[in-house]
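Q: Below: one structure in structure tokens.
This is how it looks when you write it as structure tokens:
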């Protein structure tokens, strides 16, 4: 039986899905301008609240910024917005480099939204790879001829970690970045592919430490383990990433795409590996222990209390002590 949180619909959502973020500047496409009210004062439904914006710094170099305060939570309402971004990345013939970053202090991109109706997620059609839209988009980002870079400042938890792992390169703030795959600590199997990706970049033992320990990994440790390419003092992170992205964006697009494709052969997991993780996730979230744990976290203040969101590793550990 599904344990009740506040309503049957809320419980089904919280237990069934845990996944895998204004002002337009010159040259910026607002795929998600942050506003909840139209000019006539009416409130937009949650599915229409913009959460992502794209700044086209040059035709060859874009910034994709998550802007869904207060915690950059990723939910079913984010998926169509992210799909439009990924499709545009894939189809633009001039684009060479995209950098993913955040406009929300303290949060790069975090876990799935547990309060949306389950049907909003399960009713989404499969993506181009045949996978659920979230792992589908992550696979497509990895295989795109465009170079993807995650600039991690703040928490990259669950979906945020999985997006970072799907990106070609990851650079983190030494002081402010936190990465985690926290799902096992709450009784879930991660669904966005970290079991397939982490062993390839840091080895089996360290991957299991991250996945089964379900604890927060700071910028320094992430660099030592290979979770990120490098960590930088926070005041140096932006300049480095911008310089690298600008440098790559000036190179020949076909040479970039061919080189990336050949590296992919040796490094990327297959689509069935990613799909198997998603299937295991869907099965795991239906178990009573997972439903009980996520219900307990929601009661503590998950998605509402900043202390829960910023110290999720600590609060997940308390579940094991009960």
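Numbering (this note's numbering), first residue to last: 87 to 408. Where a beta carbon is used, it is the ideal one built from N, C-alpha and C, also for glycine. Note that the structure is predicted; figures quoted are calculated from it, not measured.
Is it the case that the Cβ atoms of residue 151 and residue 189 are separated by a distance below 9 Å?
A: yes
Q: Report all residues from its chain with a CB closer than 6 Å to the CB of residue 276; omit the five preceding and five following residues, and keep chain order.
A: The answer, listed in chain order, is 267, 269.
Q: Quick check on this structure: which residue in 312, 237, 201, 216 has the alpha carbon closest to the alpha carbon of residue 356?
A: 216
Q: What is the rounded straight-line gap between the Cα of residue 111 and the Cα of residue 147?
A: Its pLDDT being 32, under 50, residue 111 is placed unreliably in this model, and the value from its coordinates should be taken loosely. Rounded to the nearest angstrom, the two C-alpha atoms are 15 Å apart.
Q: On the CB-based measure, 16 or more other CB atoms within 10 Å of its CB, does residue 351 come out buried or exposed?
A: exposed
Q: In whole angstroms, what is the alpha-carbon distance linking residue 145 and residue 180?
A: 6 Å
Q: Using C-beta distances below 6 Å, list every residue in its chain close to residue 219, excluding the 5 sequence neighbours before and after it, in chain order.
A: Within the same chain, residue 219 has close Cβ partners 165, 210, 213.
Q: Taking 8 Å as the cut-off, does the stretch 246-257 touch the stretch 305-318 (at least 3 CB pairs, one atom from each stretch)?
A: yes
Q: Are there 16 or more other CB atoms within 10 angstroms of the CB of residue 347, so buried, or fewer, so exposed?
A: exposed
Q: So the candidates are 193, 222, 163; which of them puts its Cα closest to the Cα of residue 364?
A: 222
Q: Within 8 Å, do at least three Cβ pairs link the stretch 157-164 to the stretch 183-197?
A: yes
Q: Pop quiz: residue 284 and residue 252 are said to be a contact at Cβ under 8 Å. What is the actual Cβ separation, rounded to whole angstroms?
A: The pair is not a contact, with the Cβ atoms about 12 Å apart (cut-off 8 Å).
Q: Starting from residue 141, follow the beta strand (DSSP E) in both directions and report where the run begins and ends.
A: 138-144
Q: Buried or exposed: residue 247, going by 16 or more other Cβ atoms within 10 Å of its Cβ?
A: buried
Q: Is the separation between the beta-carbon of residue 264 and that of residue 240 shorter than 9 Å?
A: Yes. Within cutoff.
Q: If we define contact as Cβ-Cβ less than 9 Å, is residue 168 a contact residue for chain C?
A: The displayed structure is made up of one protein chain only, and chain C is not part of it.
Q: Which complete beta strand (DSSP E) runs does the stretch 245-283 hold, if anything under 3 residues is left out?
A: 255-266
Q: Beta carbon of residue 360, beta carbon of residue 233: below 9 Å?
A: no
Q: Please state whether DSSP places residue 371 in a helix, a strand or coil.
A: coil
Q: In this structure, what does DSSP give as the bridge partners for residue 165?
A: BP columns for residue 165 are empty, so no partner.
Q: Alpha carbon to alpha carbon, how far is residue 274 from residue 377? Give it in angstroms, no decimals.
A: 9 Å
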